[in-house]
Every structure is written in structure tokens, then in C-alpha cells.
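Report on the following structure.
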Amino acid sequence: DAEITQSPRHKITETGRQVTLACHQTWNHNNMFWYRQDLGHGLRLIHYSYGVQDTNKGEVSDGYSVSRSNTEDLPLTLESAASSQTSVYFCASSEAGDSPLHFGNGTRLTVT
Amino acid sequence: TQLLEQSPQFLSIQEGENLTVYCNSSSVFSSLQWYRQEPGEGPVLLVTVVTGGEVKKLKRLTFQFGDARKDSSLHITAAQPGDTGLYLCAGVGDNYGQNFVFGPGTRLSVLP
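Chains as they are written, first to last, in the working numbering: chain A, 3 to 114; chain B, 273 to 384.
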């Protein structure tokens, strides 16, 4: 069965360190998204991609970057981790612009 | 900026009770999706409503899209402990660049 996997599931890092969260999907979807989920805010869009070599900024993109070198992967990099980036991060993919999102199971990141 | 509000934020009920949760916005959406999220997992799509006034049923869950496509409701009949989770609505707009706007969610707890 097709799936979307995130790694690691949990990560603790120190302020100022660079961190990369992995996302891999086997749906063969062109669209991929990164969200962060915080209590009271729901899911907020960080970055998204509509295909290889395409990346776009979302609502809360400051301090984050993504790259899309193939269809399956969209890694999320925190350039210099800050305590405000402590959150649960979800990767998602979809077939088309308004098709339902398929989510991974999240990465819980703690920045100390 | 399109925003979605959900109410109530928290709901704790006994097994067998009925409940309704609401998703409201001042913006018009081309469609609206409902997701359920369980602890430690990503959201999973329940339903998509597209037409103003549309009603969809999924076993004991009834979803309605407002006539003006600005709001939606989810009604659960005879709630069961398995219905426990975070219910998220997501408005799908016409802006191809950032299609999904998520509400903050309603956290439902059904006690046996």
C-alpha cells in the first residue's frame, strides 16, 4: 500500500543547531506540504511543492527551507533551530490542487 | 487571509449522546473537508463537501455544507468511544498556491 513516512518520530535538539526532518511518500503525488501543529493554532502551512524543483513559502516559512529533488521526498530544514520552533511537524501529499491530503504520522521536535 | 473557526474547542460527552460541531468562516470556499486525528497520528480524511447545502452521511456522522459555502457542521448520532479524537475542518479555496486553510479543531472525548 502507498504511504507517507516521516522520520524521526521524535527529535530533541539545541538552539542554534541545523535540523532536517525527512518526508517520503510512495503515492507518486506531485503535491507535497509541510505543516506545523500547535495547540490552539491548528495546522499551519510552512512550505509546499507542486513538483520536482518547485518550492513555495507558506504562512509560517521564516526559519525553514525545503528542497524537492525527486517526486518522493520533501525534506524540511530548520536553518538555526529556535525554541519557538518546538512543535509537531506533519508532512502531507495530494494528487491535485484540491484533492484530499494524505498525512504522515508527524515528527515531534523539541528545541531546548 | 482566509480564517476558519471551530466550536466548541473541547467537548466531553457520554457514550450514546448526540453532538454537533461547527466550522465557520467569513470566506467562501470551493469545497470543505473534514479530518479526524487520533493521538500520535496524522489527520485522516472523513469527507469532502462541495456543493452549497450538500449533506453527506458516513454511518453515524452527518456533514453539511452551508448554502453560502462559508460554514459546515458535523453531527454525530449516538457517539461511541471510538469517535474520540480531534476533528479538523479544512476550507479549500481558489488560490492554487495555498489551497487548504485549517480550523483549530474540536477535541472530542466520548466516555464509556
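Here a beta-carbon is modelled for each residue, glycine too, at the ideal position from N, C-alpha and C.
Cutoff 6 Å; reference residue i; Cβ partners in own chain excluding five residues on either side
i	result
serine 82 of chain A	Gly18
glutamate 310 of chain B	Gly357
proline 384 of chain B	Glu287, Pro353
phenylalanine 105 of chain A	Phe92, Ala94
glutamate 326 of chain B	Phe337
leucine 76 of chain A	Cys25, Met34, Ser51, Val68, Arg70
Residues that DSSP places opposite residue i in a beta bridge
i	result
valine 327 of chain B	B:Gln336
valine 316 of chain B	B:Arg308
alanine 24 of chain A	A:Ser9
glutamate 277 of chain B	B:Asn296
valine 373 of chain B	B:Gly363
Contacts around residue i, its chain only, beta-carbon distance under 7 Å, and the 5 residues preceding and following it disregarded
i	result
arginine 341 of chain B	Val300, Phe301, Gly324
valine 382 of chain B	Ile285, Glu287, Ala351, Gln352, Pro353, Asp355, Thr356
glycine 108 of chain A	Gln8, Val90, Tyr91, Phe92
glutamine 278 of chain B	Val293, Tyr294, Cys295, Cys361, Gly375, Pro376, Gly377, Thr378
lysine 328 of chain B	Val319, Val321, Phe335
leucine 80 of chain A	Gln20, Val21, Gly65, Tyr66, Gln87
glycine 60 of chain A	Leu47, Ile48, His49, Tyr50
aspartate 56 of chain A	Arg70
threonine 349 of chain B	Asn290, Arg332
Cβ-based burial, residue i [other Cβ within 10 Å; buried from 16]
i	result
phenylalanine 374 of chain B	buried
glycine 369 of chain B	Low confidence applies to glycine 369 of chain B: its pLDDT is 49, below 50, so where it sits in the model is not reliable, and the reading given next is rough at best. Result: exposed.
glutamine 87 of chain A	buried
alanine 362 of chain B	buried
glutamine 281 of chain B	exposed
valine 364 of chain B	buried
proline 315 of chain B	buried
serine 85 of chain A	exposed
arginine 308 of chain B	buried
histidine 43 of chain A	exposed
Own chain partners of residue i with C-beta closer than 8 Å, once the 5 adjacent residues on each side are dropped
i	result
threonine 28 of chain A	Ala4, Glu5, Ile6, Glu74
leucine 283 of chain B	Leu291, Val293, Thr378, Arg379, Leu380, Ser381
lysine 13 of chain A	Val21, Leu23, Thr109, Arg110, Leu111, Thr112
arginine 11 of chain A	Asn107, Gly108, Thr109, Arg110
Check: residue i C-beta below 6 Å from any heavy atom of the ligand ZN
i	result
glutamine 278 of chain B	With respect to the ligand ZN, the structure offers nothing, as it holds no ligand at all.
Q: Taking 8 Å as the threshold, find out whether the region 279–292 of chain B comes into contact with the region 22–41 of chain A through three or more Cβ pairs.
A: no
Q: Starting from the N-terminal side, write out each stretch of the beta strand (DSSP E) that is 3 residues or longer and does not extend beyond the region 281–305 of chain B.
A: 282–286, 291–296
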